[in-house]
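Participant: Residue -3 is where the sequence shown starts when you use this note's numbering, and the numbers rise one by one after that. Sharing a structure with you now.
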Amino acid sequence: MKAIRFSVFGGPEVLRLEEVPVPVPGEGEVLVRVHAAGVNPGDWQIRSGLAGDRFGLPYIPGWDVAGTVAAGGADAGFRPGDAVYGMTADSGGCAEYAVVPAGQLARKPCSATFIEAAALPQSGFTAWHALFEQGRLKPGQTVLINGAAGGVGHLAVQLARWKGARVIGTASARNERFLRELGVDEFVDYAAGLPAELAGSADLVLDTAAGGNRDWLIDALKPGGRLVPIAFGRHSAGKAAEAAVEVQEVQFPPFSSAVLDQLSRLVDEGRLHVSIDSVFPLEETAKAHVRSESRRARGKIVICVRSG
C-alpha cells in the first residue's frame, strides 16, 4: 500500500510517499480501508521532534481516519464494507489502510462525508471531554473558549451551545464573522485583550492554544471557576489562587467510541457541523503539515487518501 512515512525527525520535507506492507489487525482490531485522515497538531509535533524521541522510526503520521471496514471487527459488530471513523492506537492513518482498535471506532455519521468524518474524532472527543468531563459544564453557565476558530475550538463552541451554555469565543479578528455564524454570544479579539465587562463572567475557560502566558484567561473566571487547558501553556498558580479559581492539568484520557456515537448523533441531527479548512491529497501531506504549523487554520485540515 501507499503511505506517508518519515525515517528522521525534521521539517515537512522529511515526509515521503512510500510503498509499505498492509498492516495486519490483531485481536480486537479492525483493518480500515482509509478514505481520509485528519491532521492534528500532534502530527507535526511528532514529525519535528518537538514531542521527543519516544516515537519509533520509521513512522507513519495520522491518528484520525475515516473509511470502510476491510477486515476484522466482527466481535464489535462491524462487517466488511461498513463506513466507519475513529482514532488509531499508534498513528498510521496517512496510508491506504490502517489498523484501529474496535473500541476506538464507530459508524460514520450518515450525513457526513468521509472528509468531514475524518476531521472529527480527536478534536471532537477532546472538546467533549474538556467541556463535560473535566469542565462539568452545565446549562445556563458561561464558558469562554480560547482559540474558538480552531479544530477543537469550533466544535467546542457548538457542543457548549447544544448544552445550553452561554459562549464567549476568542480568536483573531479575521475569525469574528465565522464564530458569530457558529453562534457565540460574545466575540473577543485576543490581540485586544479581555474587555472589562467580561472579567469575572465565566464559569469555565477552555484553553485550546499552546504556549505563551495565559494569565489573562484567569481574569475571565468567576471565583470558584475552572480553567481547562488542552495544550501546554503558562497559567500562574499564584494568580489562580488569588482569584480563587482552579487551573487543571492537561489530560490525555482514554479514547472512547461511545463519545463518537454521541457526536455522530449530533451531526446527523444537524446540531454539529465540521468546518474544513483545507483538503490535501496523500502525496501532499507535507503541505498539510505546513498549514497546520502556521496555526492559522480555521476548522480542520484533512488528507484525502482516496476519492469516492
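The beta-carbon is built from N, C-alpha and C at its ideal position, and this holds for glycine as well.
1) Note down, in chain order, each residue of its chain lying with its Cβ closer than 8 Å to the Cβ of Gly295, except the 5 sequence neighbours on either side.
2) From Lys235 to Lys(-2), what does the alpha carbon distance come to, in whole angstroms?
3) Which residue marks the beginning of the beta strand (DSSP E) containing Ala123, and which one marks its end?
4) Just reading off the beta strand (DSSP E) that His31 is part of, what are its end residues?
5) Hey, Val163 and Arg170 are a contact pair by Cβ (cut 8 Å); roughly how many whole angstroms apart?
6) Note down, in chain order, each residue of its chain lying with its Cβ closer than 6 Å to the Cβ of Pro76, except the 5 sequence neighbours on either side.
7) Name the two residues that bound the continuous beta strand (DSSP E) containing Thr64.
8) Residues in the same chain with beta-carbon distance under 6 Å from Ala98, minus the five sequence neighbours each way, listed in chain order, please.
9) For the beta strand (DSSP E) that Asp181 lies in, which residues bound it at each end?
10) Where does Phe251 fall in DSSP's three states?
11) Use the C-beta contact count for Pro191: other C-beta atoms within 10 angstroms, 16 or more gives buried, fewer gives exposed.
12) With a cut-off of 8 Å on the beta carbons, I'd call Gly312 and Gly160 a contact; round off their distance for me.
13) Taking a contact to mean a Cβ-Cβ separation below 8 Å, would you say Asp264 touches Pro105 in this structure?
14) For a test of the three-state rule: what should DSSP assign to Ala192, helix, strand or coil?
15) Is it true that the CB of Glu279 sits closer than 8 Å to the CB of Leu13?
16) Could you check the C-alpha separation between Gln41 and Ala284 for me, to the nearest Å?
17) Taking the straight line between their C-alpha atoms, what separation do you get for Leu262 and Thr109?
18) Quick one: Cα of Gln130 to Cα of Pro17, how far?
19) Counting C-beta neighbours from all protein chains within 10 Å, is the total for Asn100 16 or more, i.e. buried, or is it exposed?
20) Please name the residue in Ala79, Glu172, Asp203, Ala239 whose C-alpha comes closest to that of Ala188.
21) Taking all protein chains shown into account, decide if Glu112 is buried (16 or more other Cβ within 10 angstroms of its Cβ) or exposed.
22) From Val4 to Arg43, what distance separates their C-alpha atoms?
23) Is the beta carbon of Ala33 closer than 8 Å to that of Val301?
24) How long is the line joining the alpha carbons of Tyr93 and His31, rounded to whole angstroms?
25) Apply the 10 Å Cβ neighbour rule to Ser253 and answer buried if 16 or more other Cβ atoms are within range, or exposed otherwise.
26) Quick one: residues in its chain with C-beta nearer than 7 Å to the C-beta of Arg251, no 5 flanking neighbours on either side, listed in chain order?
27) Nearest by alpha-carbon distance to Asp86: which of Arg103, Pro219, Trp59 is it?
28) With which residues is Ile272 paired in a DSSP beta bridge?
29) Going by beta-carbon coordinates alone, are Pro37 and Arg1 separated by less than 8 Å?
Facilitator: For this structure:
1) Locating residue 295 in the sequence shown gives position 299, counting from the first residue. Cβ neighbours of Gly295 beyond the five flanking positions: Ala115, Ala145, Gly146, Gly147, His150, Val270, Ser271, Ile272, Asp273.
2) Indexing the sequence shown from 1 puts residue 235 at position 239. Indexing the sequence shown from 1 puts residue -2 at position 2. Distance between the alpha carbons of Lys235 and Lys(-2): 51 Å.
3) Looking up residue 123 in the sequence shown gives position 127. Counting along the chain, Ala123 falls outside any beta strand (DSSP E), though it belongs to the alpha helix (DSSP H) covering 117 to 124.
4) As a first step, residue 31 is located in the sequence shown; it is residue number 35 there, counting from the start. Residues 25 to 35.
5) Indexing the sequence shown from 1 puts residue 163 at position 167. Indexing the sequence shown from 1 puts residue 170 at position 174. Not a contact, Cβ separation roughly 19 Å.
6) For the purposes of this step, residue 76 is taken as the residue at position 80 of the sequence shown. Val65.
7) On the sequence shown, position 68 is the one that residue 64 refers to. Looking at the DSSP string, the run of the beta strand (DSSP E) that includes Thr64 is 60 to 68.
8) Looking up residue 98 in the sequence shown gives position 102. Only Gly24, Val26, Gly69, Ala72 meet the Cβ criterion.
9) Mapped onto the sequence shown, residue 181 falls at position 185. It is not in any beta strand (DSSP E) - Asp181 carries neither H nor E in the DSSP assignment.
10) Walking along the sequence shown from the start, residue 251 turns up at place 255. Of the three classes helix, strand and coil, the one that applies to Phe251 here is coil, per DSSP.
11) Looking up residue 191 in the sequence shown gives position 195. Classification of Pro191: exposed, given that the 10 Å Cβ count is below 16.
12) No answer is possible for residue 312: the residues shown for the chain start at -3 and end at 304.
13) Your numbering for residue 264 matches position 268 in the sequence shown. Your numbering for residue 105 matches position 109 in the sequence shown. Yes.
14) Translated into the one-based positions of the sequence shown, residue 192 becomes position 196. Three-state DSSP puts Ala192 in a helix.
15) The sequence position of residue 13 within the sequence shown is 17, counting from 1. The sequence position of residue 279 within the sequence shown is 283, counting from 1. Their beta carbons are under 8 Å apart, which means Leu13 touches Glu279 by this criterion.
16) For the purposes of this step, residue 41 is taken as residue 45 along the sequence shown, with counting starting at 1. For the purposes of this step, residue 284 is taken as residue 288 along the sequence shown, with counting starting at 1. Cα to Cα, the separation comes out at about 13 Å.
17) Position 266 of the sequence shown holds residue 262. Position 113 of the sequence shown holds residue 109. Going by the C-alpha atoms only, they are around 15 Å apart.
18) Within the sequence shown, numbered from 1, the residue matching residue 130 stands at position 134. Within the sequence shown, numbered from 1, the residue matching residue 17 stands at position 21. Taking the straight line joining both Cα atoms gives about 40 Å.
19) Taking the sequence shown and counting its residues from 1, the one referred to as residue 100 is at position 104. It should be noted that the sequence gives Gln, not Asn, for residue 100. Buried.
20) For this step, residue 188 is matched to residue 192 along the sequence shown. Closest option to Ala188, Cα to Cα, is Glu172.
21) In the sequence shown, residue 112 corresponds to position 116, counting from 1. Counting Cβ neighbours within 10 Å, Glu112 comes out buried, since at least 16 surround it.
22) Reading the sequence shown from its first residue, position 8 is the one you call residue 4. Reading the sequence shown from its first residue, position 47 is the one you call residue 43. If I take the Cα positions, the gap works out to 8 Å.
23) Stepping through the sequence shown from its first residue, residue 301 is reached at position 305. Stepping through the sequence shown from its first residue, residue 33 is reached at position 37. Yes, the Cβ-Cβ distance between Val301 and Ala33 is below 8 Å.
24) Locating residue 93 in the sequence shown gives position 97, counting from the first residue. Locating residue 31 in the sequence shown gives position 35, counting from the first residue. Straight-line Cα distance between these residues: approximately 9 Å.
25) The residue labelled residue 253 in the question sits at position 257 within the sequence shown. Looking at its Cβ environment, which holds 16 or more other Cβ atoms inside 10 Å, Ser253 is buried.
26) Counting from 1 along the sequence shown, the entry for residue 251 is found at position 255. Here the sequence assigns Phe to residue 251, which means Arg is not the residue at that position. Met83, Gln100, Phe121.
27) Taking the sequence shown and counting its residues from 1, the one referred to as residue 86 is at position 90. When each option's Cα is compared against that of Asp86, the closest is Trp59.
28) Numbered from 1 along the sequence shown, position 276 holds the residue referred to as residue 272. Ile272 pairs with Lys296.
29) Counting from one through the sequence shown, the residue named residue 37 turns up at place 41. Counting from one through the sequence shown, the residue named residue 1 turns up at place 5. It is not a contact, given that the beta carbons lie outside the stated cut-off.
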